[in-house]
Structure formats: C-alpha cells, structure tokens
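Taking it in order: structure first as structure tokens, then the write-up.
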C-alpha cells in the first residue's frame with residue numbers, strides 16, 4: 329500500500345487522525361504522520377526527512393517555500409489555533425487589562441509554564457509578547473526548563 333506522509337504541528341494531530349481512515353478508504357493510501365512542535369517538524373524536513381504534506385504555521389511554510397523545500401504556491405490556510413491563559417483554581421485572578429498590568433502580573437508570578445519558546449507556535453508567541461513587554465530576560469529566570 330502506498331502511503332501519504334505528513335509532518336505536522338501537534339495541533340493538527342486529532343484532525344489527521346479523524347480524517348485518515350476516510351483518506352485511506354477513498355485513495356488506498358495509508359496516512360502516516362509525525363507530530364510535534366512546528367519548529368521541530370520544519371527541522372526534520374530541512375534535515376532530509378520526507379513528507380508529502382506539511383501542516384505548519386503560515387510563516388514556517390513561507391520559509392520552507394523560500395528555501396525550495398515545499399512546492400511554491402501550494403500553501404493553503406486551513407485553520408487557526410487559539411491561545412489562552414488560565415489561572416490555577418483558588419488563586420486570585422490578576423489584572424491583565426492593560427500592557428502595564430499584564431507586565432506587572434507576569435513579573436509577580438513565581439513561575440511561567442509555556443511550550444518551548446524556540447520550536448512551538450504558542451511558545452514563540454509567548455516569547456514575542458514577553459519581548460514586547462520588555463521582560464523576556466527576567467521571565468527566562470523563572471521558567472522551568
């Protein structure tokens with residue numbers, strides 16, 4: 329049986345899993361996928377791992393296209409991944425209504441838990457926000473490895 333190889337950000341794993349049986353039934357191609365942080369998936373392609381389909385952020389797809397690693401003009405936006413912030417049950421909800429309030433709340437936090445800031449979409453976004461607030465270096469010291 330032929331296969332359809334996918335390298336994808338983790339956010340699409342459920343969708344691929346739900347649609348794979350239908351794809352296999354209608355095409356005869358077995359769907360195989362590797363899922364993880366988008367930066368890691370791009371690195372796999374750059375290192376020579378084969379893929380028929382890449383499901384990553386638009387920015388990474390554009391980079392891979394510029395590098396000649398994906399077919400130019402083949403990218404289609406298929407979704408978005410919302411990012412949320414939550415507070416542990418029992419803790420006071422901090423004021424995050426302004427940039428200054430968010431900055432103060434983050435600086436007062438004993439720890440910051442977020443996805444990998446080098447390879448995941450959400451982690452990169454957190455890093456960008458911390459940089460925009462001017463506190464990325466300070467927050468690095470309280471983020472567990």
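Numbering (this note's numbering), first residue to last: 329 to 473. We put the beta carbon where it would ideally sit given N, CA and C, even for glycine.
Bounds of any alpha helix (DSSP H) do not take in residue 331; it lies within the beta strand (DSSP E) bounded by 331 to 337. Straight-line spacing of the CA atoms in residue 408 and residue 425 works out to 24 Å. About 20 Å separates the CB atoms of residue 347 and residue 366; that is not less than 8 Å, and the two are not in contact.
In the three-state DSSP reduction, residue 347 falls in the helix class (H, G or I). Around residue 344, the same chain offers 334, 336, 359, 361, 363, 383 as residues with beta carbons nearer than 8 Å, after the five sequence neighbours per side are excluded.
Listed as beta-bridge partners of residue 361 by DSSP are 334. For residue 381, the uninterrupted beta strand (DSSP E) run begins and ends at 381 to 383, by DSSP.
Burial state of residue 449 is buried, judged by a 10 Å Cβ sphere holding 16 or more other Cβ atoms. DSSP places residue 448 in the coil class of the three-state scheme, outside both helix and strand. Closest in alpha carbon position to residue 332, among 399, 459, 381, is 381. The beta carbon of residue 403 is closer than 6 Å to those of 389 in its chain, skipping five residues each way along the sequence. In terms of Cβ geometry, residue 470 and residue 429 do not form a close pair [threshold 7 Å]. Between residue 350 and residue 453, the alpha-carbon positions lie close to 34 Å from each other.
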